[in-house]
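If you read the sequence shown in my numbering, its first letter stands for residue 59, the second for the next number, and so on.
To start, the structure itself, in structure tokens.
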Amino acid sequence: MKTEALANKVAVRRVKRRVMVDYLTQLCEVGSHPDEIRELLDEVMAFCEQALELLFQLSRVRNETRRTLSGRHSTNGSRGPAEQREPRFDNWKTPYPSDPPDPKTLTAAVKASQRRMERSRN
Numbered sequence: 059m060k061t062e063a064l065a066n067k068v069a070v071r072r073v074k075r076r077v078m079v080d081y082l083t084q085l086c087e088v089g090s091h092p093d094e095i096r097e098l099l100d101e102v103m104a105f106c107e108q109a110l111e112l113l114f115q116l117s118r119v120r121n122e123t124r125r126t127l128s129g130r131h132s133t134n135g136s137r138g139p140a141e142q143r144e145p146r147f148d149n150w151k152t153p154y155p156s157d158p159p160d161p162k163t164l165t166a167a168v169k170a171s172q173r174r175m176e177r178s179r180n
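Structure follows, in structure tokens:
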């Protein structure tokens, strides 16, 4: 099913992001060259944006599925199986958002964070 494929892609992206962040942490701990750190940080940010896009797709598919199921079960007032439970994700820090954040807001926040980091270096 399309929802399962998207959920798997999101989970893979989260694992890759964690690995990249761990590597970034190692680079910072050993005092690597700032260009190496910046390159990896840019890669992490690109991965985060791609993961957000997958979350948006997953949310849309999930909402369409709910609408379809709610139309089928509305005659007897019972809820369909997909409506009774939320999809389960293995990320222990970030709960799955019911409404994904606006990508423009996140991009602006990332840029502001990058500017703060650049100012703190100078």
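Ideal Cβ positions, reconstructed from N, Cα and C, are used throughout, including at glycine.
Predicted, not measured: the structure shown is a model, and the values here were computed from it.
A181 burial status per 10 Å Cβ neighbour count (16 or more: buried): No answer is possible for residue 181: it lies beyond the span of the chain, which begins at 59 and ends at 180.
What's the call for V168, buried or exposed, on a 16-neighbour Cβ count within 10 Å? Exposed is the call here.
Give the single residue among V68, E176, R174 whose Cα lies nearest to the Cα of F114. Minimum Cα distance to F114 is reached at V68.
Give a yes or no on contact between the segment 74-91 and the segment 103-111, applying the rule of three or more CB pairs nearer than 8 Å. Segments in contact, yes.
DSSP-derived helix/strand/coil call for V88: When secondary structure is reduced to three states using DSSP, V88 falls in the coil class, being assigned neither helix nor strand.
Could you check what DSSP says for W150 in three-state terms: helix, strand or coil? In this prediction, W150 has a pLDDT of 45, which is less than 50 and means its spatial position is unreliable; what the coordinates show is noted afterwards. If DSSP states are grouped into helix, strand and coil, W150 belongs with coil.
Could you say which of L99, L85, L116, R71 lies nearest to M175 if we only look at CA atoms? Minimum Cα-Cα distance from M175 among the listed residues L99, L85, L116, R71 corresponds to L99.
Which value, in whole angstroms, describes the spacing of the CA atoms of E62 and E97? Within the model, the alpha-carbon separation for E62 versus E97 is close to 32 Å.
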